[in-house]
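Residues are numbered in the working numbering as their position in the sequence shown, beginning at 1, plus a constant of 356.
Structure first, then comments.
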Amino acid sequence: MAATPLWLMGRVRSQRSVAATCFLCLFAWVATASDDTHRGFSVRDYGAVGNGTTLDTAAVQKAIDACAAGGGGRVYFGPGTYLCGSLHLKSGVCLSLDAGATLKGSRNNADFDPPEKLGFPNGADDETALFHYALVWAEDAERIAITGEGTIDSNYDDRHGPKTIALKRCTFVDIRGVRLLNAPNYNISLLGTDNVNIDGVTILNGYADGIDPDACQNVRISNCHIEARDDAIVLKTSFSLGERRSCENVTVSNCFLASQANCFAIGTETGGDVKSVTLDNCVMTNFAERDPEGSHATSGISLRSVDGANIDRVAISNVVMNNACCPLFIRLGSRLRDHAPVPGSIRNIVINNVVATNASWTAVLSGIAGYSIEGVTLSNIRLEYAGGGPLEACKSPVPERERTYPSANMFGTLPAYGLYCRHAKDIVLNNVALLTTDRFMRMPLTKVERNGNPYWQAPEKLPDDFKGDDAGSAFVAEDVVGLDVEGLQTRADGKENPLIQFTDVRQALLHGNRAPENTGVYLEVHGKETGHITLAGNALHEARQVVQRGSEVGRKAVRAQNDAK
């Protein structure tokens, strides 16, 4: 084969060099174009300074408006601190915060939009009802998002101020990855907003609620870390839209929830129905601020209907909690805000695989006379109590308080340390453990209150010579029809207190249960309505007396079958 001439070899090398240069230029252009596409509408291109002191509201709003006018896209916050007042998010716009970017709320109230006028009566408070007084808000928008690894700092050191993110009557919403700090109002407030995905959001040092879906449908909340002084996550159905609208199809999963109020709640605003809700794989505790021994959470799980709502189809599973005064509070009441005609209902509730430690308020399942909660199943539940209120208060009648604000301490000290159930129907307890610590302490009531009721919490430290107080009864049921108890585990204090108390309980089956050591009376029954109570297949060797009847209870009201004694 003939050798290639040197002049031709030079020409080939030259052509290859030109081709390589062209390729590199093309690659650089594509990379630049790709970066521009990723950045979208940079707020700095519209005049934002990002130095943390210059007010950037107008420049950022220009970027949002330009993005919306161009058909939508991404409004990009590069590294920097952008001081802003109210920003109006529009359809098709995604706010994208770089890891080095902080959207910082102004402390000048004049930089925010004033609260809107609703034009109709509404029983909800302003924090729940109003949406224009916010750092980022949208109304009647669709396909909107707030994403990235950056921070939104509301820049407050107390409650009462603008909401951080407020969305009203929006749809197809995506909030992912961002950190929300120092909010004086609700961090993420949603009203009549549907098809929502909130994922991987971190909320720290919130002075009010964490995430509030109000009358929202098709909402997914996952992988979030929330630390808030008020409710961490709370579903509502207020009258803030001027109509009763349901909250439906809500899932909450894989979240850390810390609160001084309720870690997860439904209500109190419950004018519309709440249906098809799941909560799973969550860790709950108190919001302790800088003090690890700070105020405990009011409740771990709180489900309340007091304004006429029908709460139906709720499944909760795989939850661990610590330092929640009341592990579980389910309450049907009759506050009846916004002219609700009659109380609603709570039915079809399943709560499974829950562990709670360091509790101090009795778990509650309570309807009101004539309106029972129905179809509640508790299975694989382990509640450990470190303290309670004064034992003498346990012997007082429990007030009904139908119209009172529904807080887990609304009844004061209850006659059971573990579980109190009243005005209920078709209740199942399966493998439920109501336990006390070895040094369970009864605490005196003081002038300290929460939600207008006496407050106490499990002590963090005990005197070295303290041996433990009387725990009293573990489980008390009043006016319950249809009760199935299997595998109940309790602690007995060896005193005169019955382990279980029934008053006007009908159609109850206790089977596969075991009396613990030092049990005096296993079951004490009262009430003229009491009847059709069956004990079968229980291990009651440790009980000195299996059943004790009040004089008004018929001898055939309770039957024991095949109980080992």
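Ideal Cβ placement from N, Cα and C applies to all residues, glycine included.
In three-state DSSP terms, what is lysine 333?
-> Residue coverage of the chain in this structure runs from 357 to 921, which leaves residue 333 outside it and unanswerable.
> What distance in whole Å lies between the Cβ atoms of tyrosine 773 and threonine 718, which are believed to be in contact at a cut-off of 8 Å?
Replying inline: 6 Å between Cβ atoms; contact.
For arginine 525 and aspartate 496, believed in contact at Cβ under 8 Å, the rounded distance:
Contact holds; Cβ gap of about 5 Å.
TODO: Return the CA-CA distance between asparagine 874 and aspartate 530, expressed in angstroms with no decimal places.
DONE: Across the structure, asparagine 874 and aspartate 530 are spaced so that their CA atoms are roughly 56 Å apart.
Q) Cα separation between tyrosine 878 and arginine 847? A) Inter-residue distance for tyrosine 878 and arginine 847 is about 11 Å (C-alpha atoms, whole angstroms).
Can you find the residues in the same chain that come closer than 6 Å, C-beta to C-beta, to cysteine 619, ignoring five residues on each side of it along the sequence? The residues are Ala588, Leu613, Met640, Ala653 and Gly656.
Should glycine 506 and alanine 539 be called a contact, given that it needs their Cβ atoms to be closer than 7 Å?
-> In this structure, alanine 539 does not lie closer than 7 Å to glycine 506 by Cβ.
According to DSSP, is threonine 654 helix, strand or coil? Strand, per DSSP.
| request: Name the residue from Asp826, Ala424, Ser722 and Gly828 whose alpha carbon lies nearest to the alpha carbon of alanine 780. | output: Out of Asp826, Ala424, Ser722 and Gly828, the CA that lies nearest to the CA of alanine 780 is found in Ser722.
Next on the checklist: Judging by CA-CA distance, which residue of Leu865, Gly403, Asn679 and Arg915 is the nearest neighbour of arginine 905?
Outcome noted: Nearest to arginine 905 by alpha-carbon distance, out of Leu865, Gly403, Asn679 and Arg915, is Arg915.
Review point. Would glycine 403 pass as a contact of arginine 430 if the rule is Cβ separation under 7 Å?
Key: Going by C-beta atoms, glycine 403 is not nearer than 7 Å to arginine 430.
request  = Would you kindly work out how many angstroms separate the C-alpha atoms of valine 711 and glycine 910, rounded to a whole number?
outcome  = Taking the CA atoms as reference points, valine 711 sits about 38 Å from glycine 910.
Exposed or buried, what is glutamine 813 when buried is set at 16 or more other beta-carbons lying within 10 Å of its beta-carbon? That one is buried.
- Using DSSP with H/G/I as helix, E/B as strand and the rest coil, what is serine 596? Reduced to three states, the DSSP call for serine 596 is coil.
With H, G and I counted as helix, E and B as strand and the rest as coil, what does DSSP make of histidine 897? Three-state result, histidine 897: coil.
Cutoff 6 Å; reference asparagine 709; Cβ partners in own chain excluding five residues on either side: Result list for asparagine 709: Ser673, Asn674 and Asn736, in chain order.
Alanine 871 versus asparagine 637 - alpha carbon distance
Answer to the nearest angstrom: the Cα atoms are 32 Å apart.
Note to self: Here's a check: name, in chain order, each residue in its chain whose Cβ is nearer than 6 Å to the Cβ of leucine 770, leaving out the five neighbours to either side.
What the structure shows: So the qualifying residues of the chain are Thr718 and Tyr776.
* **DSSP-derived helix/strand/coil call for arginine 911** => Three-state result, arginine 911: helix.
C-beta contact flag for asparagine 511 and glycine 461 at 7 Å: Result yes, Cβ atoms of asparagine 511 and glycine 461 sit closer than 7 Å.
What separation, rounded to the nearest whole angstrom, lies between the Cα atoms of alanine 665 and alanine 764? Going from the Cα of alanine 665 to the Cα of alanine 764 covers about 19 Å.
Curious, which full-length alpha helix (DSSP H) runs of at least 4 residues does the stretch 471-497 contain? Secondary structure remark: continuous alpha helix (DSSP H) runs of at least 4 residues inside the stretch 471-497, in chain order: 482-485.
Margin query: Rounded to the nearest angstrom, what separates alanine 715 and alanine 414 at their Cα positions?
Written below: Near 50 Å, if we compare the C-alpha coordinates of alanine 414 and alanine 715.
Exercise for the section: Using 10 angstroms around the beta-carbon of threonine 393, count the other beta-carbons present and answer buried if the total reaches 16, otherwise exposed. Expected result: Any reading at threonine 393 must be qualified, since the residue scores a pLDDT of 43, below 50, and its modelled position is unreliable; the value itself is stated next. The residue in question, threonine 393, is exposed, as its Cβ has fewer than 16 Cβ neighbours within 10 Å.
Stretch pair the stretch 596-609 + the stretch 571-582: three plus CB contacts closer than 8 Å:
Contact between the stretch 596-609 and the stretch 571-582 is present: three or more C-beta pairs spanning the two stretches fall below 8 Å.
Return the residue from the list Asn553, Arg806 and Arg600 that minimises the CA-CA distance to cysteine 580. Put simply, of Asn553, Arg806 and Arg600 the residue whose alpha carbon is nearest the alpha carbon of cysteine 580 is Asn553.
Report task. Have a look at glycine 838 and aspartate 565 and give me their C-alpha separation to the nearest angstrom. Result -> One C-alpha to the other measures close to 37 Å.
Verify whether the separation of the beta carbon atoms of alanine 480 and serine 578 is less than 7 Å. In this structure, serine 578 does not lie closer than 7 Å to alanine 480 by Cβ.
Item checked: Cβ-Cβ separation, serine 442 to aspartate 469 (assumed contact under 8 Å), whole Å -> Contact holds; Cβ gap of about 4 Å.
- request: Kindly list the residues whose CB is nearer than 6 Å to the CB of glutamate 758, restricted to its own chain and excluding five residues on each side of it in sequence; keep chain order.
  value: For glutamate 758, where only same-chain residues beyond five positions count, the Cβ hits under 6 Å are Gly689, Ser690 and Ile724.
In chain order, what residues of the same chain have a beta carbon less than 8 Å from the beta carbon of alanine 913, not counting five sequence neighbours either side? Counting only Cβ-Cβ distances below 8 Å, and skipping sequence neighbours, we find Val881, Thr886, Gly887, His888, Ile889 and Arg905.
query: How is the beta strand (DSSP E) around cysteine 638 delimited, first residue to last?
result: Here the beta strand (DSSP E) through cysteine 638 covers 630-642.
Go ahead and pull the three-state DSSP assignment for histidine 695.
DSSP places histidine 695 in helix when its eight states are reduced to three.
Exercise for review: Please state whether DSSP places aspartate 820 in a helix, a strand or coil.
Suggested key: In the structure shown, aspartate 820 sits in coil (DSSP, three-state: anything other than H, G, I, E or B).
### Span of the beta strand (DSSP E), counted from its first residue to its last, around alanine 457
That run of the beta strand (DSSP E) goes 457-461.
**Item:** Spatially closest choice to cysteine 611 from Ser661, Ile582 and Val784, by CA coordinates
**Value:** Here the closest residue by C-alpha is Ile582.
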